[in-house]
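These notes concern the structure reproduced below.
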Amino acid sequence: MSSIFDASLLAPHVPQDIPENLKVRPLAKDDFSKGYLELLGQLTAVGDLDQEAFEKRFEAMRVSVPNYHIVVIEDINSQKVVGSASLVVEMKFIHGAGSRGRVEDVVVSSEMRRQKLGAVLLKTLVSLGKSLGVYKMSLECVPDLLPFYSQFGFKDDCNFMTQRFQ
Ligand SMILES: CC(C)(COP(=O)(O)OP(=O)(O)OC[C@H]1O[C@@H](n2cnc3c(N)ncnc32)[C@H](O)[C@@H]1OP(=O)(O)O)[C@@H](O)C(=O)NCCC(=O)NCCS
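Counting in this note's numbering, the sequence shown runs from 981 upward without gaps.
As structure tokens, then:
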């Protein structure tokens, strides 16, 4: 099974108190058939991505350094991906050639929400980001989710602008 980043990097950061049927691990190439894109579809428009296009993008992300730390939660019983969140590390010249972490694409399957899976994902990524030595981590969210993210150490900083092309 090909992982998008080294699973041994993740293991120390995964909380221990999660149900036995759930596995927290890096995104794998065969997650295409485990509902990964359907899960992302609960977050935003995914578009028409077939298996070949998924695998091509997966491979490009896997070999890019620093890696895309895409973490998923698989329900072993149903063999479905039921949660995902990404930590993307961006290299800088500033802060002594430091790196900044960006949390992206946080989503938990609708039937699994409010069971602390989002918390597992965020705790895992924050711990992983610290261990990777990023000087800060940031994310974008709607105002309704400020209370959710503030539980994991994020503080509101409203100087955020976007320009959309699509
Ligand atoms: C946001 C999301 C990831 C949270 O996942 P979750 O697994 O349901 O969250 P958890 O069960 O870990 O929540 C832990 C605590 O966070 C808080 N919380 C969770 N969702 C919240 C929400 N939508 N608004 C405010 N607080 C929330 C609650 O205090 C919750 O504890 P409680 O259930 O005991 O009250 C999930 O609702 C989701 O996927 N939403 C759709 C996609 C999305 O909006 N993603 C975020 C993009 S920035």
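All C-beta atoms in this analysis are idealised placements derived from N, C-alpha and C, irrespective of residue type, glycine included.
| Asked | Found |
| --- | --- |
| Given 8 Å, three or more beta-carbon pairs between the stretch 1010 to 1027 and the stretch 1078 to 1098 | yes |
| DSSP three-state assignment for M1041, whether helix, strand or coil | helix |
| Pairwise C-alpha distance: S1130 and V1062 | 23 Å |
| Where K1149 falls: helix, strand or coil (DSSP) | Residue 1149 is absent from the model: the chain starts at 981 and stops at 1146. |
| C1138: CB within 6 Å of a non-hydrogen atom of ligand 1 | no |
| Residues that DSSP places opposite C1063 in a beta bridge | Note that residue 1063 is Gly in the sequence shown here, rather than Cys. Per DSSP, I1053 and V1088. |
| Presumed contact (8 Å Cβ cut-off) between D1011 and V1052, rounded CB distance | 6 Å |
| Whole-Å CB distance - H993 paired with T1142, under 8 Å assumed | No, H993 and T1142 are not in contact; Cβ-Cβ is about 30 Å, not under 8 Å. |
| Buried or exposed by the 16-neighbour rule on C-beta atoms within 10 Å, applied to F1145 | exposed |
| Under 7 Å between C-beta atoms of P1006 and L990 | yes |
| beta-carbon L1097 near ligand 2 non-hydrogen atom, thresh 6 Å | Looking at this structure, you won't find ligand 2 anywhere; what it does contain is ligand 1. |
| Cα-Cα separation, F985 to C1138 | 32 Å |
| Contact under 7 Å by Cβ, M1101 with A1065 | In the sequence on display, residue 1101 carries Leu and not Met. Contact: yes. |
| G1081 to L1067 span [Cα, whole Å] | 6 Å |
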